[in-house]
Structure formats: structure tokens, C-alpha cells
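Single-structure report; data block below.
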Amino acid sequence: MTHVTSNAPTGTPNWLDLGIPDLERAKEFYGALFGWDFQDFGPETGHYHGCFLDGRMVAGMMRNPDESAAAFWWNVFLATDDADGTLERVADAGGTVLMPADDVMELGRMAMAADPVGAPFGLWQGRSHIGSQTVNEPGSFTWNELVTARPKPARDFYTAVFGYTLEAVPGGEIDYTALLRPDGRAVGGIHGEPDAVASSWLTYFEVEDADAAVGRARDAGGAAAEAWDSPYGRMAEVRDPFDVVFRVMRTAEH
1 MTHVTSNAPT
11 GTPNWLDLGI
21 PDLERAKEFY
31 GALFGWDFQD
41 FGPETGHYHG
51 CFLDGRMVAG
61 MMRNPDESAA
71 AFWWNVFLAT
81 DDADGTLERV
91 ADAGGTVLMP
101 ADDVMELGRM
111 AMAADPVGAP
121 FGLWQGRSHI
131 GSQTVNEPGS
141 FTWNELVTAR
151 PKPARDFYTA
161 VFGYTLEAVP
171 GGEIDYTALL
181 RPDGRAVGGI
191 HGEPDAVASS
201 WLTYFEVEDA
211 DAAVGRARDA
221 GGAAAEAWDS
231 PYGRMAEVRD
241 PFDVVFRVMR
251 TAEH
């Protein structure tokens, strides 16, 4: 379990949010799946909602005004202590600035970008809002990975922008590279998947029991594959009522 009380080091996933057409339906689903409570931050925020686990904010959600959007997703934010400077590195490394850095009230400074393989991600420079206050605990995120058919340019980009070092997963069965911060801590991964139609970040949420989470997801109106075992824990792929894909995982004890 990790309770976060200060801004995470640059390059660390530090926030998630979701844009979907029906907030009430989303709250029903994720409340049933993860036990979250919700707070509407009011009209001045566009009715942005915080998702809370035991009183600590772990994610956000908002209504996506484009109800005709073909896909919705959990958006991953990466920590930075200089959003403007990080955006310069994004552009220099071949990425695209989707939204320039801007202040979000007194909460922090935010920007949106896409990497050279087309995956969008956010940047969050925390002030009064440091990001997710709980991670690696059931009901909060525990891992994020980029899934792409073009892993080489993705690896080059993220190392240039965030100063990661790379660590290939041994064995060779899959093309998977862990992203390590300068302090040696693994904070994400890049999964080379030849069949990936589009590149995107995939979030894993910790759960007490992956099989039970599959049942809750189905009962709440989502879809879920049967759970499977991996060297890192037991996991399952889930789709919420809006076809947003994520995974649930009971991390293996080492």
C-alpha cells in the first residue's frame, strides 16, 4: 500500500481520469467494482468528479461532451516539475503537443501530448493537487503500460523526454520493456504488440481477488475475460459500459 503525500518524481504516473458520456452510469459501475465514492467539484470545473477510496482521491472522471466519440479511455498523466519544459522535450523528441500547459486553478499545471506512435498522455505538475493519493492498494492503480505495434520509437521517445532507463523483461516470449526512473524504480512499461491497431496506455487496478472483480464487473454491466495467472500476479481484462479497456490485478507476493 502506498499513500502519496507529495509530488511524485518526474516521469511517474501520478493521475488518471476518464471522459465518458454518462457520469451517473460510470459512478454506478466503478463504485460497484472498486468501492469508490465520488465528489462533484461543481460547475466551475465542468462538474469534474473526484473518485475517492477511503476518503483519499485516486482518480477523476468527467462527462465527455462528444457523445459520438468512437472510443473513450482512462487517460494517464505523468508527473513533471516543469510542464512547459517537458512539452519542449516532447516536441524535440518527435511527439505532438495536443494542449499547451495551462494552470488548473490553484491545483496545478496540466498539458496533453501524444507520443510518436500516436498514444495520448497527460502531464501533471502538482501544486495543491498532487495527483492520486493512494496507489498499489485494492481500488487504486498499480501499473501502466503503453501497448503499441511500434515499440522502438516509443522507447526512444520516453527515454528522451523523461530520462528513463530501459530494462527488457527476460525470457523473450513477449516484447516488453520496463521504464525505470533515474532512482531505479520501475514506473511503467512498453509492450510491443504486433496486432495492436492503435497505440494506447493501459491501466492496471489492484484488487483483492481478480476472479471476484471479474464477477463484480459483469454484474455491474461491464464485460470481462476470465482471469489468468502471470509471474506478476493474477489478472483479467475488463471493459466498462462505455467499452473502456483496463485490467484488474492481484499482484503476486514476492
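All residue numbers for the sequence shown refer to the UniProt record's numbering, where the first residue is 1 and numbers rise by one. Positions of the beta carbon are idealized from the N, C-alpha and C atoms, including for glycine.
CB of residue i within 7 Å of CB of residue j, strictly
| i | j | result |
| --- | --- | --- |
| T134 | H3 | yes |
| P241 | F29 | yes |
| N136 | A79 | no |
| A114 | A160 | no |
| Y147 | A196 | The sequence shown places Val at residue 147, rather than the Tyr named in the question. Cβ distance < 7 Å, so V147 and A196 count as in contact. |
Range of the contiguous alpha helix (DSSP H) that encloses residue i
| i | result |
| --- | --- |
| E208 | Taken as a continuous stretch (DSSP letters only), E208 belongs to no alpha helix (DSSP H), as it is neither H nor E. |
| V187 | That residue, V187, is in no alpha helix (DSSP H); its beta strand (DSSP E) goes 186 to 192. |
| V169 | No alpha helix (DSSP H) contains V169, which DSSP labels as neither H nor E. |
| V4 | Note, V4: premise wrong, no alpha helix (DSSP H); not H, not E. |
| E137 | From DSSP, E137 is part of no alpha helix (DSSP H); its letter is neither H nor E. |
| A59 | That residue, A59, is in no alpha helix (DSSP H); its beta strand (DSSP E) goes 56 to 63. |
| A32 | 23 to 34 |
Closest Cα partner of residue i within the set the options
| i | options | result |
| --- | --- | --- |
| P182 | T5, G11, N7 | G11 |
| W124 | D209, V187, A8 | A8 |
| S128 | V169, N144, P43, D103 | D103 |
| S200 | V97, L98, G60, E145 | E145 |
Coil, strand or helix - residue i by DSSP
| i | result |
| --- | --- |
| F121 | strand |
| L107 | coil |
| Y176 | strand |
| G85 | helix |
| D102 | strand |
| V90 | helix |
Cβ-based neighbour list, residue i, same chain, cut-off 8 Å, excluding 5 preceding and 5 following
| i | result |
| --- | --- |
| W228 | R234, M235, A236 |
| R247 | L202, T203, Y204, F205, M235, A236, E237, V238 |
Boundaries (first-last residue) of the beta strand (DSSP E) holding residue i
| i | result |
| --- | --- |
| Y48 | Counting along the chain, Y48 falls outside any beta strand (DSSP E), and DSSP gives it neither H nor E. |
| D37 | 37 to 40 |
| E226 | From DSSP, E226 is part of no beta strand (DSSP E); its letter is neither H nor E. |
| R250 | 245 to 251 |
Residues of its chain near residue i, where Cβ-Cβ distance is below 6 Å and the 5 sequence neighbours each way are ignored
| i | result |
| --- | --- |
| D211 | A227 |
| M57 | G50, Q133 |
| G122 | N75, F77, M112 |
Sequence-distant residues of its chain with Cβ nearer than 7 Å to residue i (five each side left out)
| i | result |
| --- | --- |
| A217 | L33, A224, V238 |
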